[in-house]
Amino acid sequence: MFQIRIHGRGGQGVVTAAETLSIAAFLENRFAQAFPSFGSERTGAPVVAFCRIDEREIRLREPVLKPDALIIQDPTLLHQVDVFSGLAPDGYILINTTRSFDALGVGEFVRGFHATHLCTVPASELARKHVGRPVPNAALLGGFAAVSGRVSIDAVAEALRQKFSGAIAEGNVTAAREAYEHVRQEIKEASHAKAG
Amino acid sequence: MLKQVEGSRAVAEAIALCRPEVICAYPISPQTHIVEALGEMVKRGVLAPCEFINVESEFAAMSVAIGASAAGARAYTATASQGLLFMAEAVFNASGLGLPVVMTVANRAIGAPINIWNDHTDAMSQRDCGWIQLFAETNQEALDLHIQAFRLGEELSLPVMVCMDGFILTHAYERVDMPTQAQVDAYLPPYTPRQSLDPSEPVSIGAMVGPEAFMEVRYLAHVKQMRALELIPGWAEEFRQAFGRDSGGLLHSYRSEDAELIVVALGSVLGTIKDSVDAMRERGIRIGVLGITCFRPWPHDAVRAALAQAKQVVVLEKSLAVGLGGIVSTNVRTSYTGDARAVRTVIAGLGGRPITRTALESAFTQALEGSLEALSFLDLDRSVVERALAREREVRRSGPIAENILRDLGVVGARIR
Amino acid sequence: MSYQPVKFYQTGTFTVGNRLLPPDVRSVQSTQRRTNSLNSGHRACQGCGEALGARYAMDAAMEATDRQLIAANATGCLEVFSTPYPETSWQIPWIHSVFGNTAAVATGIAAALKVKGRSEVRVVAQGGDGGTTDIGFGCLSGMFERNDDVLFICYDNEAYMNTGVQRSSATPGAARTATTMAVGEAPGNVFGQGKNVPAIAMAHEIPYVATATVAELHDLEAKVKTAMGIRGARYIHILVPCPLGWGHASQDTIRIARLAKETGLFPVFEAAYGEVTSVSRIRRRQPVEAYLRPQKRFAHLFGDPPNSAVIAQLQALADRNIRRYGLLEPQEAA
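Chains as they are written, first to last, in this note's numbering: chain A, 35 to 230; chain B, 52 to 468; chain C, 353 to 686.
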């Protein structure tokens, strides 16, 4: 079972991201479960959503306490919420930012992590460019497909088309695909650096 | 057809397949997504003929359903928590009149302190109201139970409450197999009421009944519930044959054939328990699970048989009978042939407290070691309780308990609704 | 409102004798066609205004709908006296659910009829003042606001009579009830701002609101028929004296109801979409004392000396009603 925890703020489409990811996994014939942290948080408040992906039926209903991957939709949460709780050193971290892990002040924490598991993506900028609003969730899902390889970018695109419609859907798909390429480039650079 | 959808959406689509004729809606979290989806289907004309009525309270929601059902229409509503309490008088009335309304209860805690998260206090508060109460383990079962509920209720002229865990199921996206209209039509015949308000055959429904016959009327209500115990297994089997799934029935046993310890529970937590049981089985521990799907009527004989071999029973329940302990466990004890002291109550998940595998496995291990108390509270923060009690000992005007605890914990109170 | 009021001056009560009318304008109640919706043999008290009002109202509604009628009933005297197990006085399809939900139950019936394509069958909800102005008020307002196709009839006897004469929000100031005792410095019910449910119904802008009394049964029947000719939410508020609770002689029910109107204490009118469209004018104006004195619930006002301040307060309410609704004939008002 692969478990994803998504941190963000109310209004950033955190819950939608988890749901869309579960649809993408479903489209690839996997079992998936997505659920919010069950609050009634208003716009701007910290929000958590969860997604589990497995090859068999998922029965577990506890929150994701030991995530295999973290998606951070808002880097300002890094020092407000214990976002890294339960994350193992072989876990994946994807942050919506234009800055580096070091610049965000979490470089020390991720020292032992696989370099190719640590990615950033300017998701808000991509969303503003392609959707017209800085809602980073779709771009981050594209980035997640690249960094984790757990779902294909095509499945993410199809899931986005199920969740959204018309121009918004297409804008989100474009943002996701661009984020996907961005992260793939990042990973390539990281593995080169490692090799060198 | 397989779908990856929100539980509420899945239930709404299943209800629409049941061709309800009158739907009453009043918003309360976490059931709102269900009636919102149904309202949209009615407004788009996808679900027709159907009247979707936005009422002014849950009391009115159940009352409109009563009127509609008494006039021969298939009636549906949904509620949770405070809403169920607010309609309680009409809830008893619907069963007393023998009207087969179907209602989803998206289980949620009851305040005060106000809390929107999941537990079973709402449904348990109405356990003796005369409704059939079914509890869903998954979203698949939730949607299947609704289809069965209309048939069961209408056959017996009894209302049916389908309970599904608020947020944990209602707001979870997971895979469901959505039946076709033809499948549902074949399983669920049109509603033929036993009594109906009709000018061509005037009847009085709801007459006053005095001491000379009230006992008999109540006894007949009991007989009808007992009849449900006979019908449910057969209809679940028929459902399995028609839809290809085990959904519903009175109860579900899991790896309990040779189990020394059987864990009894209701609803979605059964999934987490099963994962714990699998892990403990791998360590050679003989542990199994009994999931109660039909809580009312209480499947006395079936529970007795299911627990016959167990040396120990742990009842894990998401409700607390304050001043007593467990509600489900009190029922379980009446059906357990062994020493009643072997039935232990674990209160868990109140007000949405996560029930984790770690905590469950620890409690089950304690039970096997004989160190689990007769009544315990999973993941209870003793230090918070001690501080509250100390404060009350020290000062008379100790202030509101909930606010003090939130201050102790250093968190901001969750905002509601 | 096409109805032409019938005016007869008989000695004493103004009661219109059907025998003095041509057959086609006689009351439904006096015809062979009457349905006895609320049949004889029920257990109401002698002189019960509510039983009289319900009998006239439901038979008129049956006549108006060609007998295609379903009734929902609130808990209360009417429900209890009409359906003691295993008997029922109702010859129409009838349901009693609980005390406070009658309007909602009626909404449900109307919805079921609509969905089943049986729009010819109509729905009447009925309750006492408790089931209307107090505990049933939320559901009533909801039904009005949605403009559901229901006629709600309130039989107002100004207190909870079924439970032994306790105060309701329809109890008038100074009236003695079991919970507004005639003791202390201000005996009887306190004077509040009143809860004028006909006016509140009008504020919902529903198609039809009317008031009536059991003293003018032609008028009552006509209003029920008018209401049944309209679709949407309708409300009729009928003053029904209660000999037991009001403490008047059983044979005086109609006289007391007439005095309520003739003093101006109970204005009789019709309204459509929030506007008053007609009023039943006072024919021979009486001081409120004429209405109050025969009722034991007001007996404490007429001690030695009489409580003239409170009587004046009640007179002021009557005078206000007369002004507000224009209850006097123009020449008399001038």
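C-beta: ideal position from N, C-alpha, C; glycine also.
Quick caveat, the model's predicted, so the values are computed rather than measured.
Check: Since Cys345 (chain B) sits in a beta bridge, which residues does DSSP pair it with?
Finding: Position 294 of the second sequence, counted from the first residue, corresponds to residue 345 (chain B). Cys345 (chain B) is bridged by DSSP to B:Leu185.
Next item on the list: Flag this pair as yes or no: are the beta carbons of Ile447 (chain C) and Gly118 (chain B) separated by less than 9 Å?
Entry: Mapped onto the third sequence, residue 447 (chain C) falls at position 95. Mapped onto the second sequence, residue 118 (chain B) falls at position 67. Less than 9 Å separates the beta-carbon of Ile447 (chain C) from that of Gly118 (chain B).
Note to self: Within 10 Å of its beta-carbon, does Ala555 (chain C) have 16 or more other beta-carbons around it, so buried, or fewer, so exposed?
What the structure shows: In the third sequence, counting from the first residue as 1, residue 555 (chain C) sits at position 203. By the 10 Å Cβ count, Ala555 (chain C) comes out exposed.
Next item on the list: Output yes or no for whether 9 Å exceeds the beta carbon distance between Glu431 (chain C) and Tyr507 (chain C).
Entry: Here residue 431 (chain C) refers to the residue found at position 79 of the third sequence. Here residue 507 (chain C) refers to the residue found at position 155 of the third sequence. No; because the gap between Cβ atoms is not below 9 Å, this pair is not in contact.
Notebook entry, point to check: Short check: CB of Gly177 (chain A) to CB of Leu128 (chain A), under 9 Å?
Noted result: Taking the first sequence and counting its residues from 1, the one referred to as residue 177 (chain A) is at position 143. Taking the first sequence and counting its residues from 1, the one referred to as residue 128 (chain A) is at position 94. Yes. Within cutoff.
Notebook entry, point to check: Near Ser56 (chain A), which residues of its chain fall below 6 Å by C-beta distance, leaving aside the five closest residues on each side in sequence?
Noted result: To locate residue 56 (chain A), count along the first sequence from 1; it is residue 22. Closer than 6 Å at the Cβ level, and outside the excluded window around Ser56 (chain A), lie Ala66, Ala68, Cys85.
Next item on the list: Consider the Cβ of Phe294 (chain B): report whether some Cβ of chain C lies at a distance smaller than 9 Å.
Entry: Residue mapping note: residue 294 (chain B) aligns to position 243 of the second sequence, counting from 1. Chain C contact via Cβ: absent.
Next item on the list: For Arg306 (chain B), decide whether its Cβ has a neighbour in chain A, counting only Cβ atoms nearer than 9 Å.
Entry: Mapped onto the second sequence, residue 306 (chain B) falls at position 255. No, Arg306 (chain B) does not count as interfacial toward chain A.
Margin query: I need the straight-line Cα distance from Glu497 (chain C) to Thr417 (chain C), nearest angstrom please.
Written below: What you label residue 497 (chain C) is simply residue 145 of the third sequence in a count that begins at 1. What you label residue 417 (chain C) is simply residue 65 of the third sequence in a count that begins at 1. In this model, Glu497 (chain C) and Thr417 (chain C) are separated by some 24 Å (Cα to Cα).
Note to self: Would Val620 (chain C) and Ala668 (chain C) qualify as a contact pair, given that the criterion is a beta-carbon distance under 9 Å?
What the structure shows: One-based indexing of the third sequence puts residue 620 (chain C) at position 268. One-based indexing of the third sequence puts residue 668 (chain C) at position 316. No. Outside cutoff.
Margin query: Our contact map puts Gln319 (chain B) next to Arg95 (chain A) with C-beta atoms below 8 Å; I'd like the distance itself, whole angstroms only.
Written below: For the purposes of this step, residue 319 (chain B) is taken as the residue at position 268 of the second sequence. For the purposes of this step, residue 95 (chain A) is taken as the residue at position 61 of the first sequence. According to the sequence shown, residue 319 (chain B) is Ser rather than Gln. With a beta-carbon spacing of about 5 Å, Ser319 (chain B) and Arg95 (chain A) fall inside the 8 Å limit used to define contacts.
Check: CB-CB under 6 Å to Val97 (chain B), same chain, minus the five flanking residues each way: which ones, in chain order?
Finding: Mapped onto the second sequence, residue 97 (chain B) falls at position 46. Excluding sequence neighbours, Val97 (chain B) sits near nothing in its chain.
Check: Between which two residues does the beta strand (DSSP E) carrying Glu368 (chain B) extend?
Finding: If you number the second sequence from 1, residue 368 (chain B) lands on position 317. First-last of the beta strand (DSSP E) with Glu368 (chain B): 363-368.
Next item on the list: Alpha carbon to alpha carbon, how far is Ser182 (chain A) from Ala465 (chain B)? Give it in angstroms, no decimals.
Entry: Counted from its first residue, the second sequence places residue 465 (chain B) at position 414. Counted from its first residue, the first sequence places residue 182 (chain A) at position 148. With a pLDDT of only 39 at Ala465 (chain B), under 50, the local geometry of the prediction cannot be trusted, and the value read off the model is given with reservation. Rounded to whole angstroms, Ala465 (chain B) to Ser182 (chain A) spans 34 Å at the Cα level.
Next item on the list: May I ask you to report which of helix, strand or coil DSSP gives Ser176 (chain B)?
Entry: Along the second sequence, read from residue 1 onward, the residue named residue 176 (chain B) stands at position 125. Correct three-state label for Ser176 (chain B): helix.
Note to self: Could you check whether the Cβ of Glu192 (chain A) sits closer than 9 Å to any Cβ belonging to chain E?
What the structure shows: Among the protein chains of the structure shown, namely A, B and C, there is no chain E.
Next item on the list: Report yes if the C-beta of Met554 (chain C) is less than 8 Å from at least one heavy atom of the ligand ZN; otherwise report no.
Entry: This structure does not include the ligand ZN; it has no bound ligands of any sort.
Notebook entry, point to check: Helix, strand or coil: which one does DSSP assign to Asn453 (chain C)?
Noted result: One-based indexing of the third sequence puts residue 453 (chain C) at position 101. DSSP places Asn453 (chain C) in coil when its eight states are reduced to three.
Next item on the list: Determine the chain B residues that contact Lys466 (chain C) at a beta-carbon separation under 8 Å, and present them in chain order.
Entry: Within the third sequence, the letter at position 114 stands for residue 466 (chain C). Within 8 Å Cβ-Cβ: Glu102.
Item checked: Partners in chain C for Glu140 (chain B), counting only beta-carbon separations shorter than 7 Å -> Residue mapping note: residue 140 (chain B) aligns to position 89 of the second sequence, counting from 1. Counting only Cβ-Cβ distances below 7 Å, Glu140 (chain B) has contacts in chain C at Val450, in chain order.
Next item on the list: Along the alpha helix (DSSP H) that carries Thr50 (chain A), what are the first and last residues, could you check?
Entry: The residue you call residue 50 (chain A) lines up with position 16 of the first sequence. In the DSSP assignment, Thr50 (chain A) falls within the unbroken alpha helix (DSSP H) covering 48-61.
Notebook entry, point to check: Under a Cβ-count criterion, where at least 16 other Cβ atoms within 10 Å of its own Cβ denotes burial, should Glu412 (chain B) be classed as buried or exposed?
Noted result: Stepping through the second sequence from its first residue, residue 412 (chain B) is reached at position 361. It counts as buried.
Note to self: Just to confirm before moving on: does the CB-CB distance between Gly376 (chain B) and Ala425 (chain B) stay below 9 Å?
What the structure shows: Within the second sequence, the letter at position 325 stands for residue 376 (chain B). Within the second sequence, the letter at position 374 stands for residue 425 (chain B). By the CB criterion at 9 Å, Gly376 (chain B) and Ala425 (chain B) fall inside the cutoff.
Check: Does the beta carbon of Arg466 (chain B) sit closer than 9 Å to a beta carbon anywhere in chain A?
Finding: Stepping through the second sequence from its first residue, residue 466 (chain B) is reached at position 415. In this prediction, Arg466 (chain B) has a pLDDT of 33, which is less than 50 and means its spatial position is unreliable; nothing more can be read from the coordinates.
Item checked: C-alpha distance - Pro451 (chain B) paired with Arg404 (chain B), whole-angstrom precision -> The residue you call residue 451 (chain B) lines up with position 400 of the second sequence. The residue you call residue 404 (chain B) lines up with position 353 of the second sequence. Distance from the CA of Pro451 (chain B) to the CA of Arg404 (chain B), rounded to the nearest whole angstrom, comes to 21 Å.
Note to self: Using CA atoms only, rank isn't needed, just tell me which of C:Leu617, C:Leu596, C:Leu679 is closest to Lys648 (chain C).
What the structure shows: Within the third sequence, numbered from 1, the residue matching residue 648 (chain C) stands at position 296. Of C:Leu617, C:Leu596, C:Leu679, the smallest CA-CA separation from Lys648 (chain C) is found for C:Leu596.
Margin query: For a cutoff of 9 Å on Cβ pairs, would you count Ile505 (chain C) as touching chain B?
Written below: Here residue 505 (chain C) refers to the residue found at position 153 when the third sequence is read from its first residue. No, Ile505 (chain C) does not count as interfacial toward chain B.
Checklist line | Ala372 (chain B) - DSSP class collapsed to helix/strand/coil | finding: In the second sequence, counting from the first residue as 1, residue 372 (chain B) sits at position 321. Ala372 (chain B) carries a strand assignment under DSSP once its states are collapsed to helix, strand and coil.
Notebook entry, point to check: Is it right to say Arg184 (chain A) is buried, meaning 16 or more other beta carbons lie within 10 angstroms of its own, or is it exposed?
Noted result: As a first step, residue 184 (chain A) is located in the first sequence; it is residue number 150 there, counting from the start. Buried.
Next item on the list: Return the chain-ordered list of same chain residues with a C-beta closer than 6 Å to the C-beta of Ile467 (chain B), the five sequence neighbours on each side being excluded.
Entry: Against the second sequence, residue 467 (chain B) aligns to sequence position 416. Caution is warranted here: a pLDDT of 30 is assigned to Ile467 (chain B), below 50, making its placement in the model unreliable, and no coordinate value can be reported.
Margin query: Quick check on Gly125 (chain A): does DSSP put it in helix, strand or coil?
Written below: Mapped onto the first sequence, residue 125 (chain A) falls at position 91. Residue state for Gly125 (chain A) is assigned as coil, using DSSP reduced to three classes.
Margin query: Suppose you measure from the CA of Tyr625 (chain C) to the CA of His589 (chain C); what does that come to, to the nearest Å?
Written below: By one-based count along the third sequence, residue 625 (chain C) stands at place 273. By one-based count along the third sequence, residue 589 (chain C) stands at place 237. Each residue's alpha carbon lies about 16 Å from the other.
Notebook entry, point to check: Considering only residues of the same chain and omitting the five flanking positions on each side of Phe137 (chain B), which have a CB-CB separation below 7 Å?
Noted result: Translated into positions along the second sequence, residue 137 (chain B) becomes position 86. Ser108, Glu109, Phe110, listed in sequence order.
Checklist line | Extent of the continuous alpha helix (DSSP H) run through Arg162 (chain A) | finding: For this step, residue 162 (chain A) is matched to residue 128 along the first sequence. Membership of Arg162 (chain A) in the alpha helix (DSSP H) is indicated by the continuous run 157-164.
Notebook entry, point to check: Under a Cβ-count criterion, where at least 16 other Cβ atoms within 10 Å of its own Cβ denotes burial, should His222 (chain B) be classed as buried or exposed?
Noted result: By one-based count along the second sequence, residue 222 (chain B) stands at place 171. Counting C-beta atoms within 10 angstroms of its own C-beta, His222 (chain B) has 16 or more neighbours from the protein chains shown and is therefore classed as buried.
Margin query: At a CB distance below 7 Å, what residues from the stretch 40-66 of chain A approach chain B? Give them in sequence order.
Written below: Glu53, Ser56, Ile57, Phe60, Phe65, Ala66: these are the residues of the stretch 40-66 of chain A whose beta carbon lies less than 7 Å from some beta carbon of chain B, given in chain order.
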